[in-house]
Amino acid sequence: MKKILQNHKGFSLIELIVVIAILGVLVGVAAPSYIGNVKRAKARVCASNIDTITRAYRYQRAENPSTTLQAVVQGTTPVDVSGMKCPEGGTYSVADGKIVCSIHGEAQPSPTPGESATPTPSSGPQSGYTVGDLAFISPNGVSVYVSGDWAALKEEAASNYGKSLTDGTVLRDETGTYVVRWSPYLSESDGANDIPLSQMSGVVKLDENASVLTGDDLKAAGDWTGNWETSPSVGSLYTHNGETYMCVSSSGTWTSTNVDSGVWIKLTGQDVD
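FYI, the numbering for the sequence shown is 1 to 273, going by the working numbering.
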């Protein structure tokens, strides 16, 4: 019986080189996409962590108004955010009232394929909604600052059977800038339903395009035609002795100029130049 000879030589050197070359091309094509997806995923985790820390700050500030965002980030408050870290080893700090990652900046993640990389422009000034953020600058250069966190107040109302708001608090959301008057009550249901300020009673919307009244708008003492060159209306702002006030009751040009008369309420948390 004849033995059948079998070929055991396997792949030739040329065949191995071809296979390795093909694998190299495939890896070269796939690797950038994979690395990009990983980086986007890590940026999204970082953004989520920053959002969690910001929410923790709002809760803590609702309980203790003296709480600062910096203190929460540094872990010197009762809120434990030690588990909220950048997955790429970045460190968190506070700049312009916002948490910033040393690697991702404000941690706005890169868009996934198909998403727009262009942010949607917001109306009004580029400012914020939390305590200390700029609300707007009037045409005559007076800055108005947010002195109450509307999102945090709603969260507190939803979890504590409602909450009374403080007169003179400046609040801001996507519908505009408002000042609290008459100490309105924010109900538990309104807080839970996340109502906008435009639906809240007991607040006055400010006209961001109106000039703020100053001493230059007062008429000379003894002028029988009134107290003001320009009639204040409800919601008009007036700066006096480094403070900003809002008119809550107008009598036209005869509106009182006395900020302690009950016609004006002082805005909280302002730093008027």
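C-beta: ideal position from N, C-alpha, C; glycine also.
It should be emphasised that the depicted structure is a prediction, and the values quoted were computed from it without experimental measurement.
Secondary structure of residue i, DSSP reduced to three states
| i | result |
| --- | --- |
| ARG55 | helix |
| ILE103 | coil |
| VAL73 | helix |
| LEU16 | helix |
| PRO121 | Caution applies to PRO121, whose pLDDT of 38 falls short of 50 and renders its modelled position unreliable; the model cannot decide the point. |
| LYS39 | helix |
| PRO113 | At PRO113 the pLDDT is 40, less than 50, meaning the model places this residue with poor confidence and gives no usable figure here. |
| GLU243 | strand |
| LEU165 | coil |
| SER66 | coil |
| VAL259 | coil |
| SER251 | strand |
| GLN108 | Caution is warranted here: a pLDDT of 48 is assigned to GLN108, below 50, making its placement in the model unreliable, and the coordinate value is therefore given only provisionally. Correct three-state label for GLN108: coil. |
| VAL45 | helix |
| SER198 | helix |
| GLY191 | helix |
| VAL272 | In this prediction, VAL272 has a pLDDT of 41, which is less than 50 and means its spatial position is unreliable; what the coordinates show is noted afterwards. Note: VAL272 maps to coil in three-state DSSP. |
| GLN126 | Residue placement at GLN126 is poorly supported in this model, since its pLDDT is 43, which falls under 50; the coordinates are not used for a value here. |
Residue of the options minimising C-alpha distance to residue i
| i | options | result |
| --- | --- | --- |
| GLY148 | CYS46, ARG40, GLU63 and ALA41 | GLU63 |
| ALA192 | SER183, TRP182, ARG172 and TRP150 | TRP150 |
| GLY69 | VAL204, VAL212, TYR57 and LYS219 | Inspection of the sequence shows that residue 69 is occupied by Leu rather than by Gly. The option with the nearest alpha carbon to LEU69 is TYR57. |
| PRO65 | GLY105, VAL131 and LEU171 | VAL131 |
| GLU156 | GLN60, ILE265, ALA21 and GLY269 | GLN60 |
| VAL45 | ASP80, GLY90 and GLY141 | GLY90 |
| GLN249 | SER102, THR77 and SER236 | Note that residue 249 is Ser in the sequence shown here, rather than Gln. Closest option to SER249, Cα to Cα, is SER236. |
| GLY168 | GLY222, GLY226, LEU267 and ASP223 | LEU267 |
| GLY262 | MET246, GLN270 and LEU16 | MET246 |
| VAL203 | THR177, ALA221, ALA210 and GLY226 | THR177 |
| CYS101 | ASP80, ILE53 and PRO78 | ILE53 |
| ASP190 | ARG40, ILE137, VAL142 and ALA152 | ALA152 |
| THR239 | ASN227, TRP264 and ASP223 | TRP264 |
| SER211 | ILE137, LEU23, ASP133 and ALA47 | ILE137 |
| GLU243 | SER143, ALA71, LYS98 and VAL19 | SER143 |
| LYS154 | ARG40, GLY141, TYR145 and PRO196 | PRO196 |
Residue i - partner residues in DSSP beta bridges
| i | result |
| --- | --- |
| SER176 | Sequence check: residue 176 is Gly here, not Ser. ASP173. |
| ALA278 | No statement about residue 278 is possible, as the shown extent of the chain runs from 1 to 273 and does not include it. |
| LYS266 | TYR245 |
| VAL203 | VAL180 |
| LEU186 | LYS163 |
beta-carbon residue i near the ligand MG non-hydrogen atom, thresh 6 angstroms
| i | result |
| --- | --- |
| LEU153 | Although the ligand MG was asked about, the structure shown includes no ligands whatsoever. |
- Check whether the stretch 254-271 touches the stretch 219-232, counting contact only when three or more Cβ pairs, one atom from each stretch, lie closer than 8 angstroms. yes
- Query: Mind pulling the beta strand (DSSP E) runs of 3 or more residues that sit fully within the stretch 131-162?
  - Reply: 134-137 and 143-145
- At what residue ranges does the stretch 209-241 contain a whole run of the beta strand (DSSP E), taking only runs of 3 or more? 237-240
- Message: Three Cβ pairs or more, each shorter than 8 angstroms: is that satisfied between the stretch 216-225 and the stretch 167-174?
- Response: no
- Query: Do the stretch 73-88 and the stretch 179-191 meet, that is, are 3 or more Cβ pairs less than 8 angstroms apart?
  - Reply: no
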